[in-house]
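Enquirer: Here it is, the structure in full.
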Amino acid sequence: MKFAVDFHIHSALSPCGDDDMTPCNIVNMALLKGLDIIAVTDHNSCSNLPAVMDVARENGLMVIPGMEVQTKEEVHIICLFKRIEGAMKFAEIVYNSLPDIKNNEEIFGRQLVFNAADEIIGKEEKMLLSGTILSVNDVFVLVRGLGGICIPAHVDRMGFSIITNLGFIPPNLKVKTIEISKKISPEAAFLKFPFLRKFKHVVSSDAHYLQDISEREFFIELDCLSVSELFNKLD
Ligand SMILES: [Zn+2]
Ligand SMILES: [Zn+2]
964 MKFAVDFHIH SALSPCGDDD MTPCNIVNMA LLKGLDIIAV TDHNSCSNLP
1014 AVMDVARENG LMVIPGMEVQ TKEEVHIICL FKRIEGAMKF AEIVYNSLPD
1064 IKNNEEIFGR QLVFNAADEI IGKEEKMLLS GTILSVNDVF VLVRGLGGIC
1114 IPAHVDRMGF SIITNLGFIP PNLKVKTIEI SKKISPEAAF LKFPFLRKFK
1164 HVVSSDAHYL QDISEREFFI ELDCLSVSEL FNKLD
């Protein structure tokens, strides 16, 4: 069966994410758009995942706990976990690996934490849009150790991409799946970087605004709608 997916969505916790990217709004917009599985992947934090997962459970949407981590090489990697516990453990490590810089709301935007009723319950003070001290290799080792998977983000783009910043995808990482931006077709990405054909790929929105969340346009083929099926497919 084919399931409509979007594995790269930011909430209002990401300073660059719109304030309307609340747990209820994200889940409801994903349902309106007819998506079957989404992942919420804020920059270097998972603080909105408990609320998002609660809302999703009540509304029958499958949400994969995730994060978009920024490595010390300034590479963005989408990390997906089977369970929220794994994501939260990773988030703690990442938080302690971020430089102690205060967010400047005026310049970068607010970093809002919500409950499942979309009430603001906190603000992240540390700047989340920074590189951690974790290397790409560290991230792969840590995420795998917590039962998760790593997907190099927007590999077709110039900024924060593993190809641009490292020059290649190191074979020792044993990357299985890469992410291609919604703005380019996979075929165009493969023409630009022919070696990408050997990987499985997902196409994601990297939505920072509700309207940018994918429609039913990118699909994954699974025998049934289950987290373990999905991870077998991506890994
Ligand atoms: Zn990114
Ligand atoms: Zn992103």
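Take the sequence shown: its letter number 110 is residue 1073 in my numbering, and every next letter is one higher.
The beta carbon of each residue, even a glycine, is placed where N, CA and C say it ideally should be.
All of these numbers come straight from a predicted model, not from anything done at the bench.
Would you report the Cα separation of L1173 and I1132, rounded to the nearest angstrom?
Expert: 32 angstroms
Enquirer: Mind the definition here: the segment 1119 to 1139 touches the segment 1031 to 1040 only if three or more C-beta pairs lie below 8 angstroms; say whether that holds.
Expert: yes
Enquirer: Between the beta-carbon of S974 and the beta-carbon of V1018, is there less than 7 angstroms?
Expert: It is not a contact, given that the beta carbons lie outside the stated cut-off.
Enquirer: Would you call the segment 1086 to 1097 and the segment 1056 to 1067 touching, i.e. three or more CB-CB distances under 8 angstroms?
Expert: yes
Enquirer: Go through the segment 1081 to 1162 residue by residue and report every complete run of the beta strand (DSSP E) that reaches 3 residues or more, in order.
Expert: 1083 to 1086, 1112 to 1115 and 1140 to 1144
Enquirer: Does the beta-carbon distance from K965 to F1182 come in below 7 angstroms?
Expert: yes
Enquirer: Could you tell me which residues DSSP puts in a beta bridge with M1030?
Expert: Under the DSSP definition of a beta bridge, M1030 partners with C1042.
Enquirer: Verify the contact flag: E1031, CB atom, against every heavy atom of ligand 2, threshold strictly below 6 angstroms.
Expert: yes
Enquirer: Alpha carbons only, please: which of I1001, R1120 and F1123 is nearest the one belonging to E1178?
Expert: I1001
Enquirer: Where do the N-terminal and C-terminal ends of the beta strand (DSSP E) with I972 fall, by residue?
Expert: K965 to I972
Enquirer: For ligand 1, any of its heavy atoms closer than 6 angstroms to the Cβ of F1123?
Expert: yes
Enquirer: Taking one C-beta from the segment 978 to 993 and one from the segment 1073 to 1088 each time, how about it: are there three or more such pairs within less than 8 angstroms?
Expert: In short, these stretches touch, since the Cβ pair count reaches three.
Enquirer: Tell me the residue span of the beta strand (DSSP E) that contains F1182.
Expert: F1182 to E1184
Enquirer: Let me check understanding here. Comparing Cα to Cα, which of I1064, G1023, T1034 and A1014 lies closest to M1051?
Expert: A1014
Enquirer: Could you check whether M1090 and V1070 sit closer than 7 angstroms to each other, using their CB atoms as the reference points?
Expert: The residue you asked about is not Val; residue 1070 is Ile in the sequence shown. No, these two residues do not count as a Cβ contact at 7 angstroms.
Enquirer: Excluding five sequence neighbours on each side, which residues of the same chain lie with their C-beta closer than 7 angstroms to the C-beta of M1121?
Expert: T1127
Enquirer: Leaving out five residues before and five after I1143 in sequence, what residues of the same chain have Cβ atoms less than 7 angstroms from its Cβ?
Expert: Here the set comprises V1118, D1119, P1149, A1152, H1164 and V1166.
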